[in-house]
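Enquirer: Residue numbers (our numbering): 5 to 175.
Note that the Cβ used here is the ideal one computed from N, Cα and C, for glycine as well.
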């Protein structure tokens, strides 16, 4: 003779099992309010009163014509080799991430006076989402790897920035 359970018994068993497994709610990640994406976008625009001056001006004024280690590391990275096929101009340069640099070099001469780095984006102090948005300006839909679904990824939901694992300056 085969023993039959009503349909509700297996359902009740599953429900009780789920309740027991989720009973320690303190281990579940706490949600916290985040700013609207527009607020993070404002963080990465850079100074609106500054102009883009290009890599050569940054290097000439602040990074000693390519003798700076950051520039050397960047030149060995995959990003420095990204060049527009039609114009031959670099697709990625210093200002792609650090923002327009004209204010950083104002008054800088060859006498060793330091650049005004405070006018550039302070990447390290930005929240993880804003840091990632800097990368997503290029790596959203038209590049490899395509990261068009970043905002729904486990990384984004856990405050992990692209910068936590990747270094743009490193070759």
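Could you name the residues of the same chain whose beta carbon sits closer than 6 angstroms to that of residue 88, not counting the 5 residues immediately before and after it, in chain order?
Expert: 95.
Enquirer: Quick one: Cα of residue 111 to Cα of residue 171, how far?
Expert: Cα to Cα, the separation comes out at about 30 angstroms.
Enquirer: How should residue 124 be labelled, buried or exposed, when 16 other C-beta atoms within 10 angstroms of its C-beta is the threshold for buried?
Expert: Buried: at least 16 other Cβ atoms inside 10 Å.
Enquirer: Kindly indicate which residue of 52, 50, 75 and 51 has the alpha-carbon position closest to the one of residue 61.
Expert: Cα-wise, what sits closest to residue 61 is 75.
Enquirer: Excluding sequence positions up to five away, which residues of its chain have a Cβ less than 7 angstroms from the Cβ of residue 119?
Expert: The answer, listed in chain order, is 65, 66, 108, 109 and 112.
Enquirer: Look up residue 89 in the DSSP assignment and give the residues it is bridged to.
Expert: Residue 89 is not bridged to any residue.
Enquirer: I believe residue 59 touches residue 97 by the beta-carbon criterion, under 8 angstroms. Please report the beta-carbon distance rounded to the nearest angstrom.
Expert: Confirmed, about 4 angstroms.
Enquirer: What is the residue span of the alpha helix (DSSP H) that residue 43 lies within?
Expert: Taken as a continuous stretch (DSSP letters only), the alpha helix (DSSP H) holding residue 43 covers 41 to 47.
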